[in-house]
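Numbering (numbering that gives the first Met the number 0) for the sequence shown: 0 to 70.
The next block holds one structure in the form of structure tokens; read it before the comments.
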Amino acid sequence: MRALMQQARAASDPAERQRLTAEHREKMQEHMAGMMQGGNADMMAACHQRMTMMHDMMEQMAAQQDMAQQD
Numbered sequence: 000m001r002a003l004m005q006q007a008r009a010a011s012d013p014a015e016r017q018r019l020t021a022e023h024r025e026k027m028q029e030h031m032a033g034m035m036q037g038g039n040a041d042m043m044a045a046c047h048q049r050m051t052m053m054h055d056m057m058e059q060m061a062a063q064q065d066m067a068q069q070d
């Protein structure tokens, strides 16, 4: 999963970065779903919500950086 995020950060093509980020998010969601099947569903749901928010923030930061580099 980390490798996907590293590839996404290193990608110069915005479409490739978006694809890799989406693939990473999907793998994270699958992983989180597996973890939630245990007895810690409430804690894992809160962690999942925070991770989703962090991913959204990272995408926004990457988009801002892309726009700044294009100017």
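Quick reminder that beta carbons are idealized off the backbone N, C-alpha and C, glycines included.
Please read these numbers as outputs of a predicted model, since none were measured by experiment.
Using the C-alpha atoms, what's the distance from residue j back to residue i?
i     : j     : result
SER11 : GLN48 : 28 Å
LYS26 : ASP41 : 20 Å
ARG16 : ALA62 : 10 Å
GLN68 : MET56 : 18 Å
GLY33 : ASN39 : 11 Å
THR20 : ASP70 : 24 Å
MET31 : GLU58 : 20 Å
MET50 : ARG1  : 14 Å
Quick check on the DSSP output: the alpha helix (DSSP H) that includes residue i runs from which residue to which?
i     : result
GLN64 : 40-69
GLN6  : 1-9
For the ligand COA, is there any heavy atom lying closer than 6 Å to the beta carbon of residue i?
i     : result
ASP12 : Looking at this structure, you won't find the ligand COA or any other ligand, since it has none at all.
Check the C-beta distance from residue i over to residue j and give it rounded, since I have them as a contact under 8 Å.
i    : j     : result
ALA7 : HIS23 : 6 Å
Does the beta carbon of residue i sit closer than 7 Å to a beta carbon anywhere in chain C?
i    : result
ALA2 : Protein chains in the displayed structure number just one, and chain C is not present.
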